[in-house]
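According to full-length UniProt numbering, the residues represented by the sequence shown are 1 to 148, in order. Below: one structure, written as structure tokens.
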Amino acid sequence: MRKVMTRPRPRPSAARPPAGRPPTRKDSRRPADRTPRPVPAKPPPHPTEVFTERLLLVLSGQRPLYWVARHIANTAFDDLARLAERTPLRANGHRPTVHRIGHYQPHPEAYEVFARIATGPRLRALAFRLALGPDRKWRCTAVEMERT
């Protein structure tokens, strides 16, 4: 059984540069290193993270349902439409945030995903299934949310 827990990726912040010397100051004791340093490429986000964010935006009312229509398969679209009518993740003055994402991979072309989502002081549970289609694109085939 391959069960994986992941944390959401940290968002880039507009923080100040680290303490120490100012970035414009040159140290005369060190030779100038003019060779550009390679920037490590970030790996693309995991499909479970991408779909969690998409579902979160639809279920909180920040995006319309048709925004994810091509990524949702058959009956899952009907389930998502019923959930989106109630906008279960809309909270007064609070934006929903993903606390933790985990997934289980029953076979190489499917993921069963579970996520904890905070709306203000309350944690909610979201579960969905992803399947790799014949066109090699991930599609959500089932979606559920805890009832309130």
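Using N, Cα and C, we set each Cβ at its ideal position, and we do this for glycine too. Note that this is a predicted model, so its numbers are computed, not measured.
| request: To the nearest angstrom, report how far apart M145 and A127 are at their CA atoms. | output: On the sequence shown, residue 145 is found 145 positions in, with the first residue counted as 1. On the sequence shown, residue 127 is found 127 positions in, with the first residue counted as 1. Straight-line Cα distance between these residues: approximately 6 Å.
| request: From the DSSP output, read off the bridge partner residues of E144. | output: In the sequence shown, the residue the question calls residue 144 occupies position 144. Looking at the DSSP assignment, E144 forms a beta bridge with A127.
| Neighbour-count burial assignment, A69, 16 or more Cβ in a 10 Å radius | The sequence position of residue 69 within the sequence shown is 69, counting from 1. Flag for A69 reads exposed.
| request: Select from A81, V39, L55, P43 the residue whose C-alpha is nearest the C-alpha of T97. | output: Position 97 of the sequence shown, counting from 1, holds the residue named residue 97. Selected option, being the one with the closest Cα: L55.
| Rounded Cβ spacing between T141 and A76 (contact assumed at less than 8 Å) | Numbered from its first residue, the sequence shown carries residue 141 at position 141. Numbered from its first residue, the sequence shown carries residue 76 at position 76. So it is a contact: roughly 5 Å between Cβ atoms.
| request: Go ahead and label Y66 buried or exposed: buried means 16 or more other beta carbons lie within 10 angstroms of its beta carbon, across all protein chains shown. | output: Against the sequence shown, residue 66 aligns to sequence position 66. Exposed, because fewer than 16 other Cβ atoms sit within 10 Å of the Cβ of Y66.
| request: Determine, using beta carbons only, whether R139 and A73 come nearer to each other than 8 Å. | output: Taking the sequence shown and counting its residues from 1, one reaches residue 139 at position 139. Taking the sequence shown and counting its residues from 1, one reaches residue 73 at position 73. Yes, these two residues count as a Cβ contact at 8 Å.
| said: Measuring straight from C-alpha to C-alpha, what distance separates A83 and P38? | reply: As a working note, residue 83 is residue 83 in the sequence shown. As a working note, residue 38 is residue 38 in the sequence shown. Looking at the sequence shown, residue 83 is not Ala but Leu. Taking the straight line from one Cα to the other gives about 45 Å.
| Endpoints, beta strand (DSSP E) assigned at E53 | Working through the sequence shown from its first residue, we reach residue 53 at position 53. No beta strand (DSSP E) holds E53; the alpha helix (DSSP H) holding it covers 47-59.
| said: Less than 8 Å between the beta carbons of M5 and G102, yes or no? | reply: Working through the sequence shown from its first residue, we reach residue 5 at position 5. Working through the sequence shown from its first residue, we reach residue 102 at position 102. Contact flag set, yes.
| request: Report yes if the C-beta distance between L80 and V58 is below 8 Å; otherwise report no. | output: Locating residue 80 in the sequence shown gives position 80, where the first residue counts as 1. Locating residue 58 in the sequence shown gives position 58, where the first residue counts as 1. Yes.
| Between R116 and L89, what straight-line distance do the alpha-carbon atoms span, to the nearest angstrom? | As a working mapping, residue 116 is identified with position 116 in the sequence shown. As a working mapping, residue 89 is identified with position 89 in the sequence shown. The straight-line gap from Cα to Cα measures roughly 11 Å.
| query | In the structure shown, what three-state DSSP assignment does Y84 receive? | reply | Within the sequence shown, numbered from 1, the residue matching residue 84 stands at position 84. Note on residue identity: the sequence assigns Ala, not Tyr, to residue 84. The answer is helix: DSSP assigns A84 an H, G or I state.
| Taking 7 Å as the cut-off, does the CB of R63 come closer than this to any heavy atom belonging to the ligand ADP? | As for the ligand ADP, it is missing from this structure, which has no ligand bound.
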